[in-house]
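Participant: Have a look at this one before I ask anything.
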Ligand code: FES
Ligand SMILES: [Fe+2]
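In the UniProt record's numbering, the protein residues as written are 1 to 481.
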């Protein structure tokens with residue numbers, strides 16, 4: 001596949017200056033809002049008052065159609081959003097559509113070295129031009145037959161002479177949307193004046209500089225409709241506080257399962273709180289004895305995540321842990337087990353012909369447990385596996401959303417599965433391993449529960465859920481614009 005050049009590549013020489021994590025690291029903003037600050041009367045006045053220094057997530061952010069409309073007007077049209085990956089558009093004419101609220105964008109490889117994004121609307125009388133994904137030579141409107149070339153120029157207006165001089169090449173061009181890429185992901189931004197993608201991403205390109213992300217590929221790609229607000233769905237995956245209860249079984253291997261958060265402008269991450277956390281050990285909450293065989297403990301931890309996520313912890317990682325167990329004796333310390341496991345993991349990756357990210361402690365600390373990429377992405381990473389969530393509104397109905405979940409790995413070249421998007425109207429219809437099922441069960445009940453008159457808003461954990469506070473704080477900043 002021939003690679004194409006985005007504008008971001010032109011500024012890549014300056015990325016260190018633009019994206020220095022040290023320069024751009026910001027303290028968490030411990031503020032959000034109070035219910036009375038955004039009551040509906042205020043919203044209708046097209047104004048949201050500044051938020052007080054109190055961590056409180058007003059329920060209207062999740063339940064109000066007016067709030068959803070404000071997000072549509074002031075946020076979705078102004079932020080960089082992941083629409084897919086470059087390898088989905090490997091040949092000229094390959095296209096995908098990205099729907100966000102009531103907007104739809106076509107993303108198409110218009111030439112060997114170019115990808116373009118257009119508003120998915122016919123300029124005659126507004127029919128959507130296409131749906132889903134595929135390969136085409138033209139975008140053809142099925143209503144009256146107008147059609148466009150891949151470069152956005154008009155190719156056909158049936159009986160064009162009837163318009164006299166009203167129509168011209170310029171006003172017949174498809175509406176173009178900014179597109180850029182990082183790490184193999186394609187991002188669009190509907191704001192022509194948006195800051196460059198790499199600047200928007202802040203420290204992320206630096207944090208993941210050792211991962212060969214452009215050569216990672218989908219292991220699977222599932223899309224599910226959920227009866228909850230898009231933020232309810234997203235927020236299940238940008239904090240670890242719920243794992244203690246919702247994913248109780250993971251405490252057998254999690255070590256100290258308390259979390260801290262750090263923010264970088266609108267983006268943030270959460271990571272384990274304890275620097276000397278012992279993976280493979282039971283959480284101190286369980287008051288269980290430490291394991292006697294550290295090889296078993298580490299292998300058990302990785303096997304559990306591999307089976308219960310079917311993502312993030314790769315088969316290669318589990319194989320490395322099995323070989324570590326064969327290589328070491330029962331008396332190995334957890335550090336010996338970890339070091340040997342990572343060394344074997346690296347050897348297996350290199351034998352597969354994939355680049356190995358040589359991560360040091362600082363790197364692992366910065367990758368953390370998960371990143372929230374504002375507004376709607378959760379990204380979890382290991383050496384060779386990623387688990388990502390993308391939550392989207394599918395209309396201005398605050399009670400529904402679409403959640404995409406991606407398992408992405410550094411497969412041996414030629415061994416990538418042919419992953420096709422699987423779409424489920426109900427999560428119960430999908431082949432979800434245990435951890436996703438545990439999360440899905442919560443989401444509709446959160447949406448329903450918040451409608452109680454007695455509930456005014458969420459109270460995020462100031463340490464473990466500060467990612468939510470940071471998220472809402474920046475969201476509110478945009479909505480009050
Ligand atoms: S609406 Fe598309 S050709 Fe008429
Ligand atoms: Fe979860």
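All C-beta atoms in this analysis are idealised placements derived from N, C-alpha and C, irrespective of residue type, glycine included.
These numbers come from a predicted model, not from an experiment.
Kindly list the residues whose CB is nearer than 6 Å to the CB of residue 266, restricted to its own chain and excluding five residues on each side of it in sequence; keep chain order.
Facilitator: Along the chain shown, read from residue 1 onward, the residue named residue 266 stands at position 266. Here the set comprises 374, 474.
Participant: If we ignore side chains and look at the alpha-carbon of each, how far apart do residue 369 and residue 380 end up?
Facilitator: As a first step, residue 369 is located in the chain shown; it is residue number 369 there, counting from the start. As a first step, residue 380 is located in the chain shown; it is residue number 380 there, counting from the start. The alpha-carbon atoms of residue 369 and residue 380 are separated by roughly 6 Å.
Participant: Quick check on DSSP: helix, strand or coil for residue 444?
Facilitator: Counting from 1 along the chain shown, the entry for residue 444 is found at position 444. Three-state result, residue 444: helix.
Participant: So, under 8 Å CB-CB, residue 95 and residue 108 are touching, yes? Tell me the CB distance rounded to an integer number of Å.
Facilitator: Looking up residue 95 in the chain shown gives position 95. Looking up residue 108 in the chain shown gives position 108. So it is a contact: roughly 4 Å between Cβ atoms.
Participant: With a floor of 4 residues, list each alpha helix (DSSP H) that falls wholly inside the UniProt domain "Rieske" (80-188), ordered by position along the chain.
Facilitator: Listed in chain order, there is nothing to give.
Participant: Can you list the residues near ligand 4, meaning Cβ strictly closer than 7 Å to any non-hydrogen atom, in the order they appear in the chain?
Facilitator: Questions concerning ligand 4 fall outside what the structure shown contains, since the ligands it does hold are ligand 1 and ligand 2.
Participant: Just the Cα atoms here: how many angstroms apart are residue 57 and residue 68?
Facilitator: Taking the chain shown and counting its residues from 1, the one referred to as residue 57 is at position 57. Taking the chain shown and counting its residues from 1, the one referred to as residue 68 is at position 68. Distance between the alpha carbons of residue 57 and residue 68 is about 15 Å.
Participant: State the DSSP-derived secondary structure class of residue 58, mapped to helix, strand or coil.
Facilitator: In the chain shown, the residue the question calls residue 58 occupies position 58. Strand, per DSSP.
Participant: Three-state secondary structure (DSSP) at residue 423?
Facilitator: The sequence position of residue 423 within the chain shown is 423, counting from 1. Three-state DSSP puts residue 423 in a strand.
Participant: Between residue 277 and residue 256, is the Cβ-Cβ spacing less than 8 Å?
Facilitator: Counting from one through the chain shown, the residue named residue 277 turns up at place 277. Counting from one through the chain shown, the residue named residue 256 turns up at place 256. Yes, they are a contact pair.
Participant: Tell me, please, which residues DSSP counts as bridged to residue 226.
Facilitator: Sequence index remark: in the chain shown, residue 226 carries index 226 (1-based). In DSSP, residue 226 forms a bridge with 401.
Participant: If distances are taken between C-alpha atoms only, which option among 348, 74, 192 comes closest to residue 477?
Facilitator: Your numbering for residue 477 matches position 477 in the chain shown. The candidate whose alpha carbon is nearest that of residue 477 is 74.
Participant: Pull every residue with its beta-carbon under 7 Å away from any heavy atom of ligand 2, and keep them in chain order.
Facilitator: This criterion selects 236, 237, 242, 243, 246, 247, 435, 438, 439.
Participant: Going straight from the alpha carbon of residue 287 to that of residue 98, what length do you get?
Facilitator: Taking the chain shown and counting its residues from 1, one reaches residue 287 at position 287. Taking the chain shown and counting its residues from 1, one reaches residue 98 at position 98. So the two alpha carbons sit approximately 48 Å from each other.
Participant: Output the distance between the C-alpha atoms of residue 101 and residue 64, rounded to the nearest integer angstrom.
Facilitator: Counting from 1 along the chain shown, the entry for residue 101 is found at position 101. Counting from 1 along the chain shown, the entry for residue 64 is found at position 64. When rounded, the distance between both Cα atoms is 14 Å.
Participant: Report the residue from 157, 117, 444, 219 whose alpha carbon sits nearest the alpha carbon of residue 410.
Facilitator: For the purposes of this step, residue 410 is identified with residue 410 of the chain shown, where counting begins at 1. Looking at the Cα atoms, 219 is the closest of the given residues.
Participant: Rounded to whole angstroms, what's the CA-CA distance from residue 338 to residue 302? Just pull it up for me.
Facilitator: On the chain shown, position 338 is the one that residue 338 refers to. On the chain shown, position 302 is the one that residue 302 refers to. Rounded to the nearest angstrom, the two C-alpha atoms are 11 Å apart.
Participant: Which whole-angstrom value describes the C-beta separation of residue 187 and residue 180, a residue pair presumed to lie in contact below a C-beta threshold of 8 Å?
Facilitator: Position 187 of the chain shown, counted from the first residue, corresponds to residue 187. Position 180 of the chain shown, counted from the first residue, corresponds to residue 180. About 5 Å separates the two Cβ atoms, so the contact holds.
Participant: With a 10 Å radius around its C-beta and 16 neighbouring C-beta atoms as the bar for buried, classify residue 462 as buried or exposed.
Facilitator: Within the chain shown, numbered from 1, the residue matching residue 462 stands at position 462. Exposed, because fewer than 16 other Cβ atoms sit within 10 Å of the Cβ of residue 462.
Participant: Helix, strand or coil, according to DSSP, for residue 473 in the structure here?
Facilitator: On the chain shown, position 473 is the one that residue 473 refers to. Residue state, collapsed to three classes: helix.
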